[in-house]
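**Student:** Under my numbering, read the sequence shown as residues 16 to 257, first letter to last. What follows is a structure written as structure tokens; I'll ask about it next.
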Amino acid sequence: MSLAGRVALVTGASRGIGREIALGYARTGAHVILTARDEARLVAVASEIADASGTSDVVPLDVSDPEAVRQAIDRVVARHGRLDVLCNNAGVSNARGPVAEVSPEAFAGVQAVNLIGLFACCHAALPHMIAAGYGRIVNVSSGTAIMCNPGESAYAASKAAVNALTIAMAKEAQASNVLVNAMSPGSVKTDMNPTSDVPPSEAVPTAVWLAALPDGGPTGRFYRFMQELPMLPEIDLDWKSR
Ligand SMILES: NC(=O)c1ccc[n+]([C@@H]2O[C@H](COP(=O)([O-])OP(=O)(O)OC[C@H]3O[C@@H](n4cnc5c(N)ncnc54)[C@H](OP(=O)(O)O)[C@@H]3O)[C@@H](O)[C@H]2O)c1
């Protein structure tokens, strides 16, 4: 698998899973555009990439600002002449609790990053990818999209919507050789999930595989460890008895 000659943008590349994916893309040969809000952390990731003889650019970016997203992606294409891979990884899970206790504002805050931020990145990137006749979009979703655990309504809704958006975009873009897939990184140890003991690098092989898919590869699918998962919640009629 090679990403040599590819330009790959990763959102939320400053830490956690996004940092690992960015390092993985660079190791596989891509020039990586590192984006997130924390510029100092992005510079540290860029320096790790350079130490391993990879190349990257640091582009501070808040995905919840659609105009900033559009400008950042247009600048990448103006500078490099292409954007081959978009990995939508930036995410938050900061509105936990039962619906009766989560404010609508907190619910909206999760959608602003996980769903609308991801949409804004795709909206800005797709015209370039379609014009180029090549693109790979990797949406970092979550098993929560299909498990819909109590107390995680905002996060589950955002990730189920990301999966639905993935299907719709895949159908729209397939004729242009733009493949759009979602992935679950599994439950891994990051600032978002500090109690896991699984390293976030576990997510990398799936993210690289989806970024390097050959023409005609799968699209509109949801993977964990390169194994396909159902995209959308399945209603478990027995859930009350468990
Ligand atoms: N960890 C898990 O077990 C797990 C499981 C399933 C799915 N996921 C998903 O994996 C992705 C990464 O999660 P993680 O566990 O690595 O979380 P994390 O350690 O909290 O990292 C989140 C990343 O998102 C960035 N981010 C947050 N808000 C942003 C915004 N408004 N604009 C741009 N970047 C923003 C953060 O960077 P800045 O703060 O520098 O902006 C950071 O790089 C998320 O989509 C999450 O839902 C994680």
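Yeah, the Cβ is synthetic: ideal placement off N, Cα and C, and Gly gets one too.
Go through its chain and collect everything with a Cβ distance to G27's Cβ below 7 Å, but skip five positions before and after it.
**Tutor:** For the purposes of this step, residue 27 is taken as the residue at position 12 of the sequence shown. If we look at G27 and ignore the five residues flanking it on each side, its Cβ neighbours are G33, A51, N104, A105 and G106.
**Student:** Starting from the C-beta of A41, find all residues in its chain whose C-beta is less than 8 Å away, skip the five residues before and the five after it, and write them out in chain order.
**Tutor:** Your numbering for residue 41 matches position 26 in the sequence shown. Counting only Cβ-Cβ distances below 8 Å, and skipping sequence neighbours, we find V47, I64, A67, G69, T70 and S71.
**Student:** So the beta strand (DSSP E) T205 belongs to, where does it begin and stop?
**Tutor:** Sequence index remark: in the sequence shown, residue 205 carries index 190 (1-based). It is not in any beta strand (DSSP E) - T205 carries neither H nor E in the DSSP assignment.
**Student:** Starting from I36, trace the alpha helix (DSSP H) in both directions and tell me its first and last residue.
**Tutor:** By 1-based counting over the sequence shown, the position of residue 36 is 21. I36 -> alpha helix (DSSP H) spans G31 to R42.
**Student:** Along the chain, which unbroken stretches of the alpha helix (DSSP H) at least 4 residues long are found entirely within the segment 72-99?
**Tutor:** 81-95
**Student:** Would L247 be called buried (16 or more neighbouring beta carbons within 10 Å of its own) or exposed?
**Tutor:** Position 232 of the sequence shown holds residue 247. When all chains shown are included, L247 counts as exposed.
**Student:** If you measure from the CB of G207, is any heavy atom of ligand 1 nearer than 6 Å?
**Tutor:** Numbered from its first residue, the sequence shown carries residue 207 at position 192. A quick correction: the sequence has Met, not Gly, at residue 207. Within the cutoff, so yes.
**Student:** Considering only DSSP beta bridges, list what L49 is partnered with.
**Tutor:** Here the question's residue 49 lines up with position 34 in the sequence shown. Answer by DSSP bridge pairing, in chain order: V25 and V73.
**Student:** May I ask whether a heavy atom of ligand 1 can be found less than 6 Å away from the beta carbon of R21?
**Tutor:** As a working note, residue 21 is residue 6 in the sequence shown. Checking every heavy atom of ligand 1 against the Cβ of R21, none is found closer than 6 Å.
**Student:** Report the start-end ranges of each alpha helix (DSSP H) in the segment 195-250 that is 4 residues or longer and not cut off at the edges.
**Tutor:** 219-226
**Student:** Quick one: what does DSSP say V117 is sitting in, helix, strand or coil?
**Tutor:** Within the sequence shown, numbered from 1, the residue matching residue 117 stands at position 102. Looking at V117 - three-state DSSP - the assignment turns out to be coil, as it is neither helix nor strand.
**Student:** Mind checking whether the beta-carbon of D80 lies closer than 6 Å to any heavy atom of ligand 1?
**Tutor:** In the sequence shown, the residue the question calls residue 80 occupies position 65. In this structure, ligand 1 has no non-hydrogen atom nearer than 6 Å to the beta-carbon of D80.
**Student:** Specify the secondary structure class of R111 as computed by DSSP and reduced to three states.
**Tutor:** Looking up residue 111 in the sequence shown gives position 96. If DSSP states are grouped into helix, strand and coil, R111 belongs with coil.
**Student:** As a quick exercise: from P119, H143 and T159, pick the residue whose alpha carbon is nearest that of Y170.
**Tutor:** Indexing the sequence shown from 1 puts residue 170 at position 155. It is T159 whose Cα lies nearest to the Cα of Y170.
**Student:** Decide if S256 is buried, meaning its Cβ has at least 16 other Cβ atoms within 10 Å, or exposed.
**Tutor:** The residue labelled residue 256 in the question sits at position 241 within the sequence shown. Here S256 scores only 49 on pLDDT, less than 50, and its place in the model is too uncertain to base an answer on.
**Student:** Identify the continuous beta strand (DSSP E) that holds N154 and give its terminal residues.
**Tutor:** Residue 154 sits at position 139 when you count from the first residue of the sequence shown. Per DSSP, N154 belongs to the beta strand (DSSP E) from G150 to V155.
**Student:** Who are the near neighbours of I88 in its chain, counting only those whose CB is closer than 6 Å to its CB and skipping five residues on each side?
**Tutor:** On the sequence shown, position 73 is the one that residue 88 refers to. A139 and A140.
**Student:** Going by the beta-carbon positions, is the gap between S79 and D53 smaller than 7 Å?
**Tutor:** If you number the sequence shown from 1, residue 79 lands on position 64. If you number the sequence shown from 1, residue 53 lands on position 38. No, these two residues do not count as a Cβ contact at 7 Å.
**Student:** Out of V177, G112 and D212, point me to the one whose CA is closest to F237's CA.
**Tutor:** Residue mapping note: residue 237 aligns to position 222 of the sequence shown, counting from 1. The candidate whose alpha carbon is nearest that of F237 is V177.
**Student:** Between V219, S211 and L101, which has its C-alpha nearest P200's C-alpha?
**Tutor:** Residue 200 sits at position 185 when you count from the first residue of the sequence shown. The option with the nearest alpha carbon to P200 is V219.
**Student:** Starting from the C-beta of M198, find all residues in its chain whose C-beta is less than 8 Å away, skip the five residues before and the five after it, and write them out in chain order.
**Tutor:** Numbered from 1 along the sequence shown, position 183 holds the residue referred to as residue 198. Contacts found: V153, N154, V155, S156, A218, T221, A222, L225, F237, Y238 and R239.
**Student:** What I want to know is whether the C-beta of D72 ends up closer than 6 Å to one or more non-hydrogen atoms of ligand 1.
**Tutor:** Counting from one through the sequence shown, the residue named residue 72 turns up at place 57. No, since every heavy atom of ligand 1 falls outside the 6 Å radius drawn around the Cβ of D72.
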